[in-house]
(Lines of atoms letter the chains of each structure in order from A and count residues from 1; the text may use other names and numbers.)
(Lines give C-alpha, C1' and ligand atoms only; values in the text may rest on other atoms or scores of the structure.)
Protein backbone atom coordinates (compact mmCIF):
# COMPACT_ATOMS: atom_id res chain seq x y z
CA UNK A 1 0.00 0.00 0.00
CA UNK A 2 1.41 3.39 -0.94
CA UNK A 3 1.56 6.32 1.44
CA UNK A 4 -1.05 9.00 0.88
CA UNK A 5 0.29 12.31 -0.38
CA UNK A 6 -1.26 14.92 1.91
CA UNK A 7 -3.11 17.44 -0.24
CA UNK A 8 -4.11 20.82 1.25
CA UNK A 9 -7.57 21.11 2.73
CA UNK A 10 -9.96 22.49 0.12
CA UNK A 11 -12.66 24.59 1.83
CA UNK A 12 -16.25 23.83 0.83
CA UNK A 13 -19.36 25.77 1.75
CA UNK A 14 -19.67 23.58 4.85
CA UNK A 15 -16.03 23.74 5.95
CA UNK A 16 -15.20 27.37 5.16
CA UNK A 17 -14.29 29.16 8.40
CA UNK A 18 -16.20 32.45 8.44
CA UNK A 19 -15.43 33.70 11.95
CA UNK A 20 -11.82 33.91 13.07
CA UNK A 21 -10.47 33.09 9.63
CA UNK A 22 -6.91 33.62 10.85
CA UNK A 23 -7.33 30.55 13.06
CA UNK A 24 -8.18 28.21 10.19
CA UNK A 25 -5.51 25.78 8.99
CA UNK A 26 -5.23 24.51 5.43
CA UNK A 27 -2.31 22.10 5.96
CA UNK A 28 -3.76 18.59 5.95
CA UNK A 29 -0.95 17.42 8.23
CA UNK A 30 -2.37 19.67 10.97
CA UNK A 31 -5.68 17.83 10.54
CA UNK A 32 -3.80 14.56 10.98
CA UNK A 33 -2.07 15.86 14.11
CA UNK A 34 -5.39 16.87 15.69
CA UNK A 35 -6.92 13.48 14.89
CA UNK A 36 -3.88 11.50 16.05
CA UNK A 37 -3.82 13.36 19.37
CA UNK A 38 -7.52 12.76 20.10
CA UNK A 39 -9.18 9.66 21.51
CA UNK A 40 -12.89 10.51 21.39
CA UNK A 41 -14.84 12.10 18.57
CA UNK A 42 -18.45 13.26 18.39
CA UNK A 43 -20.59 11.78 15.63
CA UNK A 44 -23.46 13.96 14.42
CA UNK A 45 -26.33 12.20 12.64
CA UNK A 46 -29.77 13.44 11.67
CA UNK A 47 -32.42 11.16 13.21
CA UNK A 48 -35.75 12.06 11.65
CA UNK A 49 -36.09 15.81 12.11
CA UNK A 50 -33.63 16.15 15.01
CA UNK A 51 -29.83 15.87 15.22
CA UNK A 52 -28.18 13.26 17.44
CA UNK A 53 -24.57 13.83 18.57
CA UNK A 54 -22.79 10.92 20.24
CA UNK A 55 -19.26 10.51 21.64
CA UNK A 56 -17.35 7.49 20.36
CA UNK A 57 -13.84 6.13 19.94
CA UNK A 58 -12.29 6.18 16.48
CA UNK A 59 -9.35 4.91 14.49
CA UNK A 60 -7.35 6.25 11.57
CA UNK A 61 -5.82 4.90 8.39
CA UNK A 62 -4.20 7.84 6.66
CA UNK A 63 -3.09 5.62 3.77
CA UNK A 64 -6.56 4.36 2.83
CA UNK A 65 -8.41 6.40 0.24
CA UNK A 66 -7.22 9.55 -1.49
CA UNK A 67 -7.16 11.63 1.71
CA UNK A 68 -7.18 9.06 4.50
CA UNK A 69 -10.01 7.38 6.41
CA UNK A 70 -11.49 7.59 9.89
CA UNK A 71 -13.17 4.46 11.27
CA UNK A 72 -16.11 4.49 13.68
CA UNK A 73 -17.93 1.55 15.22
CA UNK A 74 -21.06 0.64 17.11
CA UNK A 75 -23.67 -2.04 17.59
CA UNK A 76 -25.39 -3.21 14.42
CA UNK A 77 -28.63 -2.22 16.18
CA UNK A 78 -27.51 1.31 17.04
CA UNK A 79 -29.84 3.80 15.35
CA UNK A 80 -27.01 6.23 14.60
CA UNK A 81 -24.94 3.55 12.87
CA UNK A 82 -27.92 2.31 10.86
CA UNK A 83 -28.88 5.82 9.72
CA UNK A 84 -25.39 7.17 9.01
CA UNK A 85 -24.66 5.53 5.60
CA UNK A 86 -27.81 7.12 4.12
CA UNK A 87 -26.83 10.72 4.84
CA UNK A 88 -24.06 13.25 5.28
CA UNK A 89 -22.70 13.04 8.81
CA UNK A 90 -20.43 15.32 10.81
CA UNK A 91 -17.53 14.09 12.94
CA UNK A 92 -15.69 16.45 15.28
CA UNK A 93 -12.59 16.13 17.44
CA UNK A 94 -11.78 18.86 19.95
CA UNK A 95 -8.88 19.46 22.33
CA UNK A 96 -9.28 22.03 25.11
CA UNK A 97 -5.77 23.39 25.71
CA UNK A 98 -6.35 26.36 27.99
CA UNK A 99 -8.74 28.77 29.68
CA UNK A 100 -8.08 32.31 28.44
CA UNK A 101 -8.92 34.89 31.09
CA UNK A 102 -9.11 38.49 29.97
CA UNK A 103 -9.60 41.75 31.82
CA UNK A 104 -13.07 42.01 30.31
CA UNK A 105 -15.71 39.28 30.40
CA UNK A 106 -16.34 39.77 26.68
CA UNK A 107 -12.80 38.71 25.71
CA UNK A 108 -12.65 35.53 27.78
CA UNK A 109 -11.93 32.58 25.50
CA UNK A 110 -10.29 29.16 25.32
CA UNK A 111 -7.26 27.79 23.53
CA UNK A 112 -8.17 24.78 21.45
CA UNK A 113 -7.54 22.55 18.45
CA UNK A 114 -10.58 21.31 16.56
CA UNK A 115 -11.32 19.31 13.44
CA UNK A 116 -14.64 18.94 11.63
CA UNK A 117 -15.18 16.27 8.98
CA UNK A 118 -18.19 15.97 6.67
CA UNK A 119 -19.16 13.17 4.33
CA UNK A 120 -21.38 10.19 3.63
CA UNK A 121 -19.82 7.20 5.40
CA UNK A 122 -19.84 3.72 4.00
CA UNK A 123 -20.75 0.65 5.97
CA UNK A 124 -17.73 -1.66 5.89
CA UNK A 125 -18.88 -5.08 4.65
CA UNK A 126 -15.54 -6.61 3.71
CA UNK A 127 -14.52 -8.89 6.59
CA UNK A 128 -10.82 -8.07 6.36
CA UNK A 129 -11.39 -4.31 6.31
CA UNK A 130 -13.89 -4.60 9.14
CA UNK A 131 -11.30 -6.29 11.33
CA UNK A 132 -8.72 -3.76 10.12
CA UNK A 133 -10.97 -0.87 11.15
CA UNK A 134 -11.60 -2.32 14.60
CA UNK A 135 -7.90 -2.93 15.05
CA UNK A 136 -7.19 0.69 14.14
CA UNK A 137 -9.68 1.86 16.77
CA UNK A 138 -8.10 -0.28 19.50
CA UNK A 139 -4.56 0.71 18.54
CA UNK A 140 -5.48 4.38 18.30
CA UNK A 141 -6.34 4.40 22.00
CA UNK A 142 -3.32 2.31 23.02
CA UNK A 143 -0.74 1.67 20.27
CA UNK A 144 0.14 -2.02 20.08
CA UNK A 145 -2.91 -3.13 22.07
CA UNK A 146 -4.29 -5.29 19.25
CA UNK A 147 -1.30 -7.61 19.71
CA UNK A 148 -1.97 -7.89 23.44
CA UNK A 149 -5.60 -8.93 23.35
CA UNK A 150 -7.89 -11.55 21.84
CA UNK A 151 -9.17 -10.64 18.40
CA UNK A 152 -12.95 -10.39 17.90
CA UNK A 153 -14.61 -13.72 17.19
CA UNK A 154 -17.22 -14.30 14.49
CA UNK A 155 -20.15 -13.58 16.82
CA UNK A 156 -18.60 -10.33 18.04
CA UNK A 157 -17.82 -9.19 14.50
CA UNK A 158 -21.40 -9.93 13.46
CA UNK A 159 -22.71 -7.80 16.32
CA UNK A 160 -20.48 -4.84 15.46
CA UNK A 161 -20.87 -2.36 12.62
CA UNK A 162 -17.94 -0.37 11.29
CA UNK A 163 -18.26 2.89 9.37
CA UNK A 164 -15.53 4.35 7.17
CA UNK A 165 -15.48 8.06 6.41
CA UNK A 166 -13.09 9.74 3.98
CA UNK A 167 -11.15 12.73 5.32
CA UNK A 168 -11.66 14.65 2.07
CA UNK A 169 -14.04 17.36 3.32
CA UNK A 170 -12.65 18.71 6.56
CA UNK A 171 -11.68 21.89 8.35
CA UNK A 172 -9.30 22.67 11.20
CA UNK A 173 -9.34 25.61 13.56
CA UNK A 174 -6.87 26.46 16.31
CA UNK A 175 -6.26 29.05 19.01
CA UNK A 176 -3.03 29.15 21.01
CA UNK A 177 -2.50 32.60 22.46
CA UNK A 178 -3.12 34.83 25.43
CA UNK A 179 -5.96 37.22 26.16
CA UNK A 180 -6.71 39.88 23.55
CA UNK A 181 -7.92 42.79 25.64
CA UNK A 182 -9.01 46.17 24.34
CA UNK A 183 -6.29 48.78 24.72
CA UNK A 184 -8.52 50.87 26.98
CA UNK A 185 -8.77 47.91 29.40
CA UNK A 186 -5.04 47.25 29.79
CA UNK A 187 -4.77 49.39 32.94
CA UNK A 188 -7.71 47.73 34.70
CA UNK A 189 -6.80 46.00 38.00
CA UNK A 190 -7.77 42.55 36.72
CA UNK A 191 -5.45 39.61 36.03
CA UNK A 192 -5.14 38.43 32.41
CA UNK A 193 -3.56 35.22 31.21
CA UNK A 194 -4.07 31.54 30.46
CA UNK A 195 -4.68 28.47 32.60
CA UNK A 196 -3.09 25.69 30.48
CA UNK A 197 -4.99 22.39 30.35
CA UNK A 198 -3.87 18.90 29.32
CA UNK A 199 -5.07 15.32 29.58
CA UNK A 200 -2.92 13.37 32.05
CA UNK A 201 -2.94 9.63 32.72
CA UNK A 202 -2.35 8.01 36.09
CA UNK A 203 -0.58 4.76 36.87
CA UNK A 204 -2.38 1.77 35.26
CA UNK A 205 -4.59 -0.19 37.68
CA UNK A 206 -4.54 -3.96 37.20
CA UNK A 207 -7.91 -5.68 37.31
CA UNK A 208 -8.55 -7.67 40.54
CA UNK A 209 -8.99 -10.88 38.52
CA UNK A 210 -5.68 -10.39 36.64
CA UNK A 211 -2.33 -11.48 38.11
CA UNK A 212 -0.16 -10.34 35.17
CA UNK A 213 2.37 -7.52 35.14
CA UNK A 214 1.41 -4.38 33.23
CA UNK A 215 2.62 -4.93 29.62
CA UNK A 216 5.22 -2.65 28.06
CA UNK A 217 2.81 -1.15 25.51
CA UNK A 218 0.44 -0.08 28.29
CA UNK A 219 3.26 1.40 30.39
CA UNK A 220 4.49 3.27 27.33
CA UNK A 221 1.06 4.66 26.55
CA UNK A 222 0.44 5.79 30.12
CA UNK A 223 3.87 7.45 30.26
CA UNK A 224 3.26 9.33 27.00
CA UNK A 225 0.08 10.64 28.62
CA UNK A 226 2.01 11.90 31.63
CA UNK A 227 1.66 9.02 34.12
CA UNK A 228 4.48 8.87 36.70
CA UNK A 229 7.36 6.58 35.89
CA UNK A 230 7.40 3.21 37.63
CA UNK A 231 11.21 3.13 37.79
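Residue numbers (our numbering): 7 to 237. Each residue gets a CB set at the ideal place from its N, CA and C atoms; glycine is no exception.
In this structure, residue 223 and residue 142 do not form a Cβ contact; the two beta carbons are roughly 15 Å apart against a cut-off of 8 Å.
A check of alpha carbon separations from residue 181 across 25, 74, 163 identifies 25 as the nearest.
Within 10 angstroms of the beta-carbon of residue 157 lie fewer than 16 other beta-carbons, which makes it exposed. The region 208-222 and the region 47-57 do not touch, with fewer than 3 CB-CB distances between them shorter than 8 Å.
According to DSSP, residue pairing for residue 117 in a beta bridge involves 104. Taking 8 Å as the cut-off, the Cβ atoms of residue 60 and residue 81 do not count as close. Pairing residue 146 with residue 66 gives a Cβ-Cβ distance under 8 Å. Just so you know, the alpha carbons of residue 91 and residue 234 end up roughly 43 Å apart. Bridge pairing for residue 47: 62 [DSSP].
Per DSSP, reduced to three states, the secondary structure at residue 166 is strand.
In the DSSP assignment, residue 181 falls within the beta strand (DSSP E) that extends over 175-181.
Collapsing the DSSP output to three states places residue 57 in a strand. Here the alpha carbons of residue 77 and residue 171 stand approximately 6 Å from one another. Just so you know, the alpha carbons of residue 63 and residue 131 end up roughly 20 Å apart.
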